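Trainee:
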Amino acid sequence: MNVVPDRDVDPGGGPSRPLQWLRTHWFRIAIAAFTLAATLIEWAAIPPVYPLNFLFSGISVVAIVLSPFLPRISGWLIIMTVVARLFVLDLSGPNPLWAAYLALAVIGYDSAIPVAVGALLTVTLAECVPVALNTFNALSATWIGMVNYIGMFTLATMGGMSFRWRRQRDEMREQAMALERRQWELDTLQRNTRLASRIHDSASGGLSYIALTAQRELRRIGDDAAHAGERADWRFVNDQALSVLDEIHHVIDLLERPSSSDGGGRPVPAASEAPERHASPDDGIPPASRAVSRRREDVSTAARTAETRLARLGFHGRFDLRGETGDECSGESLAAAADLIGEIAANITRHMSPDAGEYRCVITFGEHAVEIMETNPAAPQGGAARHAGDGMPDAPRPHGSGLALHRRIIRGMGGELNTTAEDGDWILYARIPAHPGPARRRERAS
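The sequence shown: position 90 = 93 (our numbering), numbered continuously.
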């Protein structure tokens, strides 16, 4: 879905830096503007007379202006001017209370709790000492007034700290939303990968088988006029299969991009869609064992189906199953093994010539993993063009993402899938863990 870019959005997709800074630090700007206005109004009404008082008041105004940008430095600079003005025998100029409130609020907002408490105690002591010494250039001349001011100092500090806690809460909420969004994207990618692999293994493999069957019939049928109609029919079947195969490859490419979807694996039929269950000899077997047995039967069925299809296309070889699966073996692992067997058979039809030799695939069930080892003669360099010039249609073009999809799924389960070519033979080795987990947990944690 296309999104119209905002005017305040940078090319990277987020808000521009000035706008983001304003959203983050609006509290500093608001209190600094209020304090600056109050200070300048008092300055105009009661301008400072003594030079040092004028200097300290000017420094305080500069610190107020800089407080949104340098909050900690400006806050402590204001506190220093407040303390320094206690030693100047001149009460003219703007009231330093405004700047003191600002300093405490800013320090409470941007500093840790011990630092904020230290700033509060500093201003409080600066107020208490002159009153205790009976000097009258303190912020208040009586103990009762001093208590009121201390309460205001505390309120300003707590106000800054409360806004800081709110900001931290908002940041934690945004981080949680970002983490949830990343988890949703990961689930979507995993679902799309499995869906693309499922489409590739079923539809793509089946259409390749149809196209190769049509091409075999075209080579078998003679070129005479008596078989022209039959040849046209088989050519139409071949062309349609290749056309649909190209469209499926395009759909697979689209699924490999992130899209809105829910994360999940294979669809599980609802209870209302399940067939009516009757008593069977397996009723005494625990449900987990029955599920594993059915999944292993799926692997065996996939191997027999692949061997039968390859034999009909003129390929020689076999699929062997060895070992036994434990009761704790994950159905997801066995399903991944069955899907990989279908992809192996499809790759043999695309990349191997029937007269090149024999293929061999061994599926070994173990306690901790399902291992698949397949080898077949690699196609010669000119094998793709072996029928060029004889009037026969081209073989189905490999898409190149079939094994990549399976590799991504198996690695996500904590396994491995490796391919190599040695001495003219193509070798595939896959190890699918019986208990998927570690790699998937690392993916979710990232």
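Built from N, CA and C at the ideal position, the CB exists for glycine as well. No experiment lies behind these values; they were computed from the predicted model shown.
Looking at the structure shown, is Ala433 part of a helix, part of a strand, or coil, going by DSSP?
Mentor: Note: Ala433 maps to strand in three-state DSSP.
Trainee: Whose CA, out of Leu55, Met83, Pro54 and Tyr53, lies closest to the CA of Ile67?
Mentor: The candidate whose alpha carbon is nearest that of Ile67 is Met83.
Trainee: What's the call for Leu431, buried or exposed, on a 16-neighbour Cβ count within 10 Å?
Mentor: It counts as buried.
Trainee: What is the C-beta distance between Ile412 and Ala372, in whole angstroms, given that I count them as a contact (C-beta under 8 Å)?
Mentor: Wrong, their Cβ atoms sit about 15 Å apart, outside the cutoff.
Trainee: Under a Cβ-count criterion, where at least 16 other Cβ atoms within 10 Å of its own Cβ denotes burial, should His252 be classed as buried or exposed?
Mentor: With 16 or more other Cβ atoms within 10 Å, it is buried.
Trainee: Could you pull out every residue in the same chain whose Cβ sits closer than 7 Å to the Cβ of Asp226, ignoring the five residues on either side in sequence?
Mentor: Answer for Asp226: no residue qualifies.
Trainee: Would you mind sorting Asn379 into buried or exposed? The rule is 16 or more other CB atoms within 10 Å of its CB.
Mentor: Asn379 comes out buried.
Trainee: Taking DSSP's pairing of strands, which residues face Glu250 in a bridge?
Mentor: Paired residues: none, contrary to the question.
Trainee: Return helix, strand or coil for Met416, following the three-state DSSP convention.
Mentor: Residue state, collapsed to three classes: coil.
Trainee: Measuring straight from C-alpha to C-alpha, what distance separates Ala119 and Glu183?
Mentor: C-alpha separation (whole angstroms): 34 Å.
Trainee: What are the start and end residues of the beta strand (DSSP E) that includes His319?
Mentor: His319 to Gly326 is the span of the beta strand (DSSP E), which, as asked, contains His319.
Trainee: Going by DSSP, name the residue or residues bridged to Met155.
Mentor: Met155 is not bridged to any residue.
Trainee: Taking the alpha-carbon of Arg31 as reference, which of Ala47, Phe156, Arg167 and Gly154 has the nearest alpha-carbon?
Mentor: The residue with the shortest Cα to Cα distance from Arg31 is Arg167.
Trainee: With C-beta atoms as the reference, is Leu107 less than 9 Å away from Phe37?
Mentor: Going by C-beta atoms, Leu107 is not nearer than 9 Å to Phe37.
Trainee: Count the other CB atoms within 10 Å of the CB of Trp101; is the residue buried (16 or more) or exposed (fewer)?
Mentor: Under this definition Trp101 is a buried residue.
Trainee: Label Gln218 either buried or exposed according to how many other C-beta atoms from any shown protein chain fall within 10 Å of its C-beta, with 16 as the threshold for buried.
Mentor: Buried.
Trainee: List the whole-angstrom C-beta distance separating Ala103 from Ile81, where the pair is believed to meet the contact cut-off of C-beta under 8 Å.
Mentor: Yes, Ala103 and Ile81 are in contact; Cβ-Cβ is about 7 Å, under 8 Å.
Trainee: My understanding is that Ala381 touches Trp429, with C-beta atoms under 8 Å, so please give their C-beta distance in whole angstroms.
Mentor: Correct: roughly 5 Å between the Cβ atoms.
Trainee: Provide the residue span of the alpha helix (DSSP H) that contains Val64, from first to last.
Mentor: From DSSP, the alpha helix (DSSP H) with Val64 extends over Pro54 to Leu69.
Trainee: For Arg269, collect the residues of the same chain with a Cβ closer than 8 Å to its Cβ; drop the 5 residues on either side in sequence, then sort them by chain order.
Mentor: Note that Arg269 has pLDDT 40, beneath the 50 cutoff, so the model's placement of it is unreliable and no number is given.
Trainee: Compute the Euclidean distance between the alpha carbons of Ile76 and Ser70, then round it to the nearest angstrom.
Mentor: Answer to the nearest angstrom: the Cα atoms are 8 Å apart.
Trainee: Tell me Pro380's beta-bridge partners as DSSP assigns them.
Mentor: Pro380 pairs with Asp428.
Trainee: Assign Arg197 to one of three DSSP states: helix, strand, or coil.
Mentor: DSSP places Arg197 in helix when its eight states are reduced to three.
Trainee: If you draw a straight line from the alpha carbon of Pro21 to that of Tyr112, how long is it in whole angstroms?
Mentor: Cα to Cα, the separation comes out at about 20 Å.
Trainee: Which residue or residues does DSSP assign as beta-bridge partners of Tyr362?
Mentor: DSSP, once it has assigned bridges, lists Gly320 as partnering Tyr362.
Trainee: The alpha helix (DSSP H) spanning Ser114 covers which residue range?
Mentor: Run containing Ser114: none; DSSP gives neither H nor E here.
Trainee: Work out the CA separation of Arg26 and Gln178 for me, nearest whole Å.
Mentor: For Gln178 and Arg26, the distance between alpha carbons rounds to 16 Å.
Trainee: Have a look at the DSSP bridge pairing and note the partners of Phe368.
Mentor: DSSP, once it has assigned bridges, lists Gly326 and Val373 as partnering Phe368.
Trainee: Do the CB positions of Arg414 and Leu420 come within less than 9 Å of each other?
Mentor: Yes; because the gap between Cβ atoms is below 9 Å, this pair is in contact.
Trainee: Contact defined as beta carbons within less than 8 Å: I believe Ile347 pairs with Val302. What is the distance between those atoms, to the nearest angstrom?
Mentor: Between Val302 and Ile347 the Cβ distance is about 12 Å, and since that is not below 8 Å, they are no contact.
Trainee: Out of Gly162, Phe59 and Thr216, state which residue places its alpha-carbon closest to the alpha-carbon of Arg234.
Mentor: Selected option, being the one with the closest Cα: Thr216.
Trainee: How big is the Cα-Cα spacing for Pro439 and His230?
Mentor: Taking the straight line from one Cα to the other gives about 55 Å.
Trainee: Determine the extent of the alpha helix (DSSP H) in which Ser336 is found, giving its start and end residues.
Mentor: Per DSSP, Ser336 belongs to the alpha helix (DSSP H) from Gly334 to His354.
Trainee: So the alpha helix (DSSP H) Ser95 belongs to, where does it begin and stop?
Mentor: That residue, Ser95, is in no alpha helix (DSSP H); it is neither H nor E in DSSP.
Trainee: Among the residues of its own chain, which have a CB less than 7 Å from the CB of Glu310, if the five just before and after it don't count?
Mentor: Once the five neighbours on either side are set aside, the close Cβ partners of Glu310 are Arg321 and Phe322.
Trainee: Anyone know if the C-beta pair for Glu374 and Ala305 falls short of 9 Å?
Mentor: Not closer than 9 Å, so no.
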